[in-house]
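Residue numbers (the UniProt record's numbering): 1 to 981.
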């Protein structure tokens, strides 16, 4: 198994390097997101008010992170960004300066069709895309913050709202409409929400679409207007009118009904009839045209007015721009002021109101006139036609219309702006009619129509959802609506974030299991996905996943219920997918933080799956500290991990989990004296991926403080698996990487208060036969009380005995591996000495000493298996008996072979070990003969002992005597074999 990809084996490795490269570009921001999220550690006890303000502060920090990223990239790539925005505005200006029918057919100049980046870097385009993505993310976080505070108001919101309404309690029909507007927004929660969205849309247009000045500059270039679009008015049309007057010597205004005027007074480009007067309404009133240059200049001016309205520019800003272009009358029209009040233009808006974008809701002059009539007149003007679509859009925006504004909408934001502007104005007019009827008299409303946007959009609670659905299929916006950030913004505005995340989780489940079954994102069959997969965010889009994941966590912290069962699994898929990205990006220290936000079982599963890839001990220790600090049940994680990898490995076993054949000896006799020799390499060298993962999983237990029983149960199960399957190389690797002495030194500090190698403790001798009294003494009265001076020592001794008993199976399985390693080293030592015998330089060493050391290792390790090995009454004998029956006979036969061979050219008293072994096996209470009987190998044992006896006699026949004083541990000598016939 390839452990590098756990989301689905091999599925995302193709994207690994691009993901890491991208992660490096935004690495600082990813880390900052995690650092700020860490402040909401669930272990920190906080009251409701503190929690709320912490969450709102967290949202603000995410906004700042995104805006800081934007600012950082803007400073570095300012020239390139301006070049891109200029190109974009140039294209729009180009479209304005040609009829819509011919705009697309006009070829763009080289400067318009491509951007020459100032830095000359091939990565500049990618960086600018990153900049735009960060800007969209910043806009999304701002929207999220606005709506979050609206949907989850602060604890004292009721009191604050009551105080604000009390301050506005004295409002009457004679009050300023601005004051009424303020009360309207406080009174009507839905209107306030729409107002927040509208203001957000205005701000996003100002930041993402570029400054209006860039557009003005491009329009001036395209219309050849010089430094001012309309500073000279309709100059070309005016010249045509003067020409007609000179031809006819008319001192008065040109009469469009004069004979011949319709024939001679025509546009030089289109042959359309020209207006004969220059007032702003002339073209509409007379139904005649302007000269082409004047028409495009007029269109461009209205476009600028629309763009300023769309960006929420204050009326003062628009007025200044109009005055600079000698078009002050347009500011008066946009402001809603009557011509008789022109002398009040500089004083129309109080200082507190001048910079308010809400000034366009109507006249807020000191005369306190109602804006209802003005808005209806604007609506009528939009419907009347106007000279171009931008003029209609301006009046449509001021009058709350939709149809007249949509033709100028360029994107998703523009369309949404149109609808929310219309809804809000309709709501305000309804509010005026209901609460201040004299400001909106019935005679006026009946005479001048307006769009009832509230009725048009239907049920108020589901307006957002219907609008989002509409924009998904609208020809202008359907592609943009599929952009990840627009999908998130749609879900926020439609108040369907929970359903959106649920559907996204279902899509992630499908993505993760496309090729193979994922290990951390399960398939969810039976769940219905809305739309096609192309409508959802893919796992590789880590930026969008990061945004969704953090928004979800914030909602949860405020009390959002994500449900249980399959719904919870689907929603948590979003967090899991982001966690897997952190793994791919190498952000291991952040993984426990995000995993701690999952449900307990999912948390343990995900951490168990992912942390298997951590192999550095320092990193493992760090992960353990992080998980403990976050309140994660580390033991549950490790147990889950071990259980899963064991299950994975069993599922891939071809022959199940049955016992593999085990052979140490050659099939044929190597000599008449020593019998069958050991195989040269019976251990093998290959360790499978499965075995490596299992050992890694067990190594995590070494970083647990205490948990003695759990650790050795896991280790014993690995040894049993490796021995049953014949994976001897894996068993040796486990013994090398996690030996009992090292585990004991690590864990006894937490249990006994000091680090002890229990394998060297005197309690290790005979502990396997200890039973009840020692354990009972642990809880006896003298030991538990404080009166006995020996109680602490006795308690420690009993603790040691208990720990040794609990680790007995692990130690004994480890001991059989040690015996096999010793025998393998014996064969290697023999072989190396035989080779070295041909090298004179190596004869300086004593080869027999190396053989003796190797033999001593074999003897000590095998003798550890000869008394009660794997027969602990506290363990399940049935699970170990099979290992005894397979391994013990083969090891003993191999042991006899080694002794017989060694006795033939080393000390002959070595052969006495064979005789001692035969006595031990034949003893009445011996458990060894049962193994040979069960394995059907008694005859092989008899034959092996017969060969060892012959070896002794053979040694005597050749006159070789051992030192008569040389004895074994129990005093045995070979004197009895010194027989002369």
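By construction, the Cβ of each residue, glycine as well, lies at the ideal position given by its N, Cα and C atoms.
Remember, predicted model here, so these are calculated numbers, not experimental data.
Note: residue 289 is bridge-paired with 274 in the DSSP secondary-structure output.
With a beta-carbon spacing of about 7 Å, residue 596 and residue 631 fall inside the 8 Å limit used to define contacts.
Rounded to whole angstroms, residue 543 and residue 160 show a C-alpha spacing of 37 Å. According to DSSP, residue pairing for residue 266 in a beta bridge involves 273.
The beta carbon of residue 401 sits closer than 6 Å to those of 379, 382 and 451, all from its chain and outside the five residues before and after it, given in chain order. In the displayed model, residue 133 falls within a helix according to three-state DSSP. Checking the DSSP bridge columns, you'll see residue 310 has no partner listed. Note on residue 391: 16 or more other CB atoms within 10 angstroms of its CB, so buried under the neighbour-count rule. Looking at 409, 377, 408 and 384, the one whose alpha-carbon comes closest to that of residue 398 is 377.
Looking at the DSSP output, residue 678 shares a beta bridge with 665. The beta carbon of residue 195 sits closer than 7 Å to those of 185 and 424, all from its chain and outside the five residues before and after it, given in chain order.
Secondary structure of residue 89 (DSSP, three-state): helix.
Between the region 613-626 and the region 577-596, the count of C-beta pairs closer than 8 Å reaches three or more; the two stretches touch. The closest CA to that of residue 712, considering only 943, 687, 742 and 278, is found on 742. Here residue 886 is near residue 662, since their CB atoms are less than 7 Å apart. Going by beta carbons, residue 200 and residue 146 fall inside the 7 Å limit. In this structure, residue 852 keeps its C-beta atom at 7 Å or more from the C-beta atom of residue 829.
Apart from sequence neighbours up to five positions away, the residues of its chain that approach residue 244 with a beta-carbon distance below 6 Å are 254 and 265, ordered along the chain.
Take the alpha-carbon of residue 335 and the one of residue 315: they are about 7 Å apart.
In the DSSP annotation of this structure, the continuous segment of the alpha helix (DSSP H) that includes residue 378 starts and ends at 372-384. Under the three-state reduction of DSSP, residue 409 is assigned to coil, being neither helix nor strand.
When the five nearest sequence neighbours on each side are left out, the beta carbons in the same chain lying within less than 8 Å of the beta carbon of residue 460 are those of 190 and 454, in order along the chain.
Comparing alpha carbon positions, the residue from 690, 463, 740 and 571 closest to residue 725 is 690.
C-alpha of residue 827 to C-alpha of residue 677: approximately 9 Å in a straight line.
By alpha-carbon distance to residue 234, the top candidate from 208, 294 and 953 is 294. The C-beta distance from residue 730 to residue 722 rounds to 5 Å, short enough to fall under 8 Å.
Looking from the CA of residue 716, the closest CA among 746, 688 and 817 belongs to 817. When the five nearest sequence neighbours on each side are left out, the beta carbons in the same chain lying within less than 6 Å of the beta carbon of residue 854 are those of 825, 826 and 829, in order along the chain. Counting only the Cα atoms, residue 375 lies some 20 Å from residue 414.
CA-CA distance, residue 88 to residue 481, rounds to 20 Å. Setting aside the 5 residues that flank it on each side, residue 412 is surrounded in the same chain by 471, 477, 480, 481 and 486, each with a C-beta closer than 7 Å to its C-beta; the list follows chain order. With respect to residue 572, residue 553 sits apart: the two C-beta atoms are not nearer than 7 Å. In the three-state DSSP reduction, residue 736 falls in the helix class (H, G or I). Excluding five sequence positions before and after residue 215, the CB atoms of its chain that fall closer than 8 Å to its own CB belong to 89, 92, 93, 303, 304 and 307, given in chain order. If the five residues before and after residue 292 are omitted, its C-beta is found closer than 7 Å to the C-beta atoms of 267, 269 and 270, all from its own chain and listed in chain order.
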